[in-house]
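Q: First, the structure itself, so that you have it in front of you.
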Ligand code: HEC
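In the working numbering, the protein residues as written are 3 to 100.
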């Protein structure tokens with residue numbers, strides 16, 4: 003399965019972007035970080051990614067943002083696509099889900 007390179011790139015920019023709290027997604031989820039993303043665990047929750055991402059996005063101790071990321075938005079597509087590429091979850095991506 004070919005992943006849209008623009009979405010992969012946008013997804014990476016998103017997880018490296020500093021949020022209102024001063025954190026980036028990768029401050030917690032990057033390599034060797036306390037909540038390092040793992041392929042198996044991500045695979046298990048991939049269909050609930052929208053909800054999981056918004057918990058982190060809105061929590062003031064995590065990203066501290068105000069507005070929920072909408073399901074189906076380009077940002078959400080980009081996060082999914084980047085994760086699928088980085089953690090070899092193309093099958094889960096193809097299956098779709100929320
Ligand atoms: C300050 C630390 C922190 C930041 C920053 C943070 N998270 Fe999280 N994240 C957590 C913790 C702790 C958990 C585990 C508890 C939970 O599921 O809420 C988690 C869980 C998750 C999960 C579920 C992972 C799994 O394998 O079950 C996803 C997906 C996720 N975060 C995405 C993100 C994204 C995308 C961002 C940036 C927009 C982000 N997080 C920012 C701390 C953080």
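Cβ atoms here follow ideal geometry from the backbone N, Cα and C, with glycine treated the same way.
Here the structure is a predicted model, which is why all the values come from computation and not from measurement.
Nearest by alpha-carbon distance to residue 54: which of 93, 78, 13 is it?
A: Checking every option, the nearest Cα to that of residue 54 belongs to 78.
Q: Do residue 84 and residue 28 have their CB atoms nearer than 8 Å?
A: Not a contact, by the Cβ cut-off of 8 Å.
Q: Do the CB positions of residue 92 and residue 5 come within less than 8 Å of each other?
A: Yes, the pair counts as a contact, with Cβ atoms nearer than the cut-off.
Q: Just tell me which of 56, 20, 94, 21 has its CA closest to the CA of residue 70.
A: Ranking 56, 20, 94, 21 by Cα distance to residue 70 puts 56 first.
Q: Which of the three DSSP states is assigned to residue 100 in this structure?
A: Here residue 100 scores only 43 on pLDDT, less than 50, and its place in the model is too uncertain to base an answer on.
Q: Provide the residue span of the alpha helix (DSSP H) that contains residue 54, from first to last.
A: Here the alpha helix (DSSP H) through residue 54 covers 51-60.
Q: So is residue 94 buried or exposed if we call it buried at 16+ other beta carbons inside 10 Å?
A: When all chains shown are included, residue 94 counts as buried.
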